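So the sequence shown is numbered by the UniProt record's numbering: it starts at 1 and just counts up by one. A virtual CB, placed ideally from N, CA and C, is assigned to each residue, including glycine. In this text the structure is predicted, and so the values were computed from the model without any measurement. Quick notes on the structure that follows.
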Amino acid sequence: MKAVWNGEVIAQSPDTVVVEGNHYFPLASVREDVLRPSDTHSICPWKGTASYYTLEVGGQQNPDAAWYYPEPKDAAAQIRGRVAFWKGVKVEAD
1 MKAVWNGEVI AQSPDTVVVE GNHYFPLASV REDVLRPSDT HSICPWKGTA
51 SYYTLEVGGQ QNPDAAWYYP EPKDAAAQIR GRVAFWKGVK VEAD
């Protein structure tokens, strides 16, 4: 699978975990140069507290377009160390 935004591949991996229709990529498969920390957080009752990254590609920013669970609850342990995308990021088969 790969994640594409603003015409560039920002993540690519054969090893994604699908939860609620979202592909979670291993953090190591995401380009570090496009991730900017965000202060945004949200809470999922069964996954835990999510943190976000803003994407920056080609001088454009996509605020909070990537999220991850630093300390997922036991029910979501399979997404520890993984990142998912939304807000116009296209996730497709490689």
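Subject >> Cβ neighbour criterion (16 or more within 10 Å) applied to H41 >> reply: Classification for H41: exposed.
Original post:
Relative to the alpha-carbon of T54, which residue among Y24, N22 and K87 has its alpha-carbon at the smallest distance?
Top reply: Ranked by Cα distance from T54, the first of Y24, N22 and K87 is K87.
Original post:
Which residues in the same chain as P26 place their Cβ atom closer than 7 Å to its Cβ, once the five residues preceding and following it in sequence are excluded?
Top reply: Within the same chain, P26 has close Cβ partners S13, D15, G81 and R82.
**OP:** Rounded to whole angstroms, what's the CA-CA distance from L35 to K73? Just pull it up for me.
**Re:** If you draw a straight line from the Cα of L35 to the Cα of K73, it comes to about 24 Å.
Subject >> A84, buried or exposed, once every other Cβ within 10 Å from all chains shown has been counted against 16 >> reply: Buried, because 16 or more other Cβ atoms sit within 10 Å of the Cβ of A84.
Original post:
Within 10 angstroms of its Cβ, does A75 collect 16 or more other Cβ (buried), or is it exposed?
Top reply: With fewer than 16 other Cβ atoms within 10 Å, it is exposed.
**OP:** State yes or no: is the C-beta of V89 within less than 9 Å of the C-beta of A66?
**Re:** Yes; because the gap between Cβ atoms is below 9 Å, this pair is in contact.
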